[in-house]
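To start, the structure under review is shown below, and the notes come after it.
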Amino acid sequence: MADTRKLVLMIQPMSRQGALWQAILRSQGIAVIWEHPDVNLSDSFKHLKSAKVALPDLLLIDTRIQTLNAYSVCRWCRDHYPEVQVVLVNGAQKEITPSEREWAIFQGASDLLPRFQRDRLVSGAVARVKRLLELLGHSHLDSGALVNALIGASREQRSPVGAEHCRPSDGAEHYRKDSHKPIMDL
7 MADTRKLVLM IQPMSRQGAL WQAILRSQGI AVIWEHPDVN LSDSFKHLKS AKVALPDLLL
67 IDTRIQTLNA YSVCRWCRDH YPEVQVVLVN GAQKEITPSE REWAIFQGAS DLLPRFQRDR
127 LVSGAVARVK RLLELLGHSH LDSGALVNAL IGASREQRSP VGAEHCRPSD GAEHYRKDSH
187 KPIMDL
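Structure, rendered in structure tokens:
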């Protein structure tokens, strides 16, 4: 029997935001590939097609990536791979204005979402994953798995190895004056 799971290809910085997206999507039974920001999508898609491998159902791209113009990717997918949806995430903003969302959709994105916030992590995760599930044609949110994924991601953040691996690389962390430990690391 063929694997009918949906596939999301994430292009995110190696940061806490990316780790949260990965954990949340996997909690819903969605296969996730986390690509390096320097990925050549055109070559990757050509190789997948020539190997008769399914393309991702959705691209999840952080707009902060310097080496990739997320809006160009939206237009490219719309023109060459319209079956692949693109959702943009502005990992620097807590809220997205209607005009920003409209511009992203005009460029070919299915949506533009804000970053996760520590003080609204569960509600934010629920809202964002519901939107992605809707775009992927899933009708059921597994709340228990989502909460367990968030708890697991939180535990990883507290462990020295997990925290080091998931620490944001985008300058979004705030440091205490007397310490190298971040106060807020989402």
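Remember, the working numbering sits 6 above the position in the sequence shown when you count from 1.
Virtual Cβ for every residue (Gly too), placed ideally from N, Cα, C.
Quick caveat: nothing in here was measured; it's all calculated off a predicted structure.
Handout entry: Classification of W27 by the beta-carbon crowding that lies within 10 angstroms, buried from 16 upward
Key = Its Cβ being crowded by 16 or more others within 10 Å, W27 is buried.
Exercise for the section: Would you mind reading off the limits of the alpha helix (DSSP H) that contains Q28? Expected result: Segment 22-33, the alpha helix (DSSP H) holding Q28.
Exercise for the section: Go through its chain and collect everything with a Cβ distance to L13's Cβ below 6 Å, but skip five positions before and after it. Expected result: Excluding sequence neighbours, L13 sits near A37, P62, D63.
Exercise for the section: Express the C-alpha separation of S129 and I25 in angstroms, rounding to a whole number. Expected result: Note on identity: in this sequence residue 25 is Ala, with Ile being the wrong assignment. Near 17 Å, if we compare the C-alpha coordinates of S129 and A25.
Exercise for the section: Could you check what DSSP says for P19 in three-state terms: helix, strand or coil? Expected result: Coil at P19, not helix or strand.
Problem - Minimum C-alpha distance to R22 - residue among L66, R32, R124, P88 - result: By alpha-carbon distance to R22, the top candidate from L66, R32, R124, P88 is R124.
Handout entry: Own chain, CB closer than 7 Å to R219, minus 5 neighbours either side, in chain order
Key = Because the chain in this structure spans residues 7 to 192, residue 219 falls outside the shown range and cannot be described.
Problem - Inter-residue Cα distance where the pair is S145 and V59 - result: The straight-line gap from Cα to Cα measures roughly 25 Å.
Practice task
Decide if R126 is buried, meaning its Cβ has at least 16 other Cβ atoms within 10 Å, or exposed.
Solution key: So R126 ends up on the exposed side.
Practice task
For my contact list, A155 and I30 are in at a C-beta cut-off of 8 Å; report their separation, rounded to the angstrom.
Solution key: Rounded, the Cβ-Cβ distance is 6 Å, consistent with contact.
Problem - In DSSP terms, what D68 is bridged to - result: Partner(s): V95.
Problem - N-terminal and C-terminal residue of the alpha helix (DSSP H) that D44 is part of - result: If you look at D44, you'll find it isn't in any alpha helix (DSSP H); DSSP assigns it neither H nor E.
Exercise for the section: Measure the alpha-carbon distance for V93 versus S116 and round it to whole angstroms. Expected result: Rounded to whole angstroms, the separation of the alpha carbons of S116 and V93 is 5 Å.
Problem - Top-ranked residue by Cα proximity to I89, from F51, A57, N96 - result: A quick correction: the sequence has Glu, not Ile, at residue 89. Comparing alpha carbon positions, the residue from F51, A57, N96 closest to E89 is F51.
Practice task
Just the C-alpha distance for A57 and D49, rounded to the nearest angstrom, thanks.
Solution key: When rounded, the distance between both Cα atoms is 12 Å.
Practice task
Just confirm the distance between the C-beta atoms of S2 and L138, as a whole number of angstroms; I'd bet it's less than 8 Å.
Solution key: Missing from the structure shown is residue 2; the chain here goes from 7 to 192 and no further.
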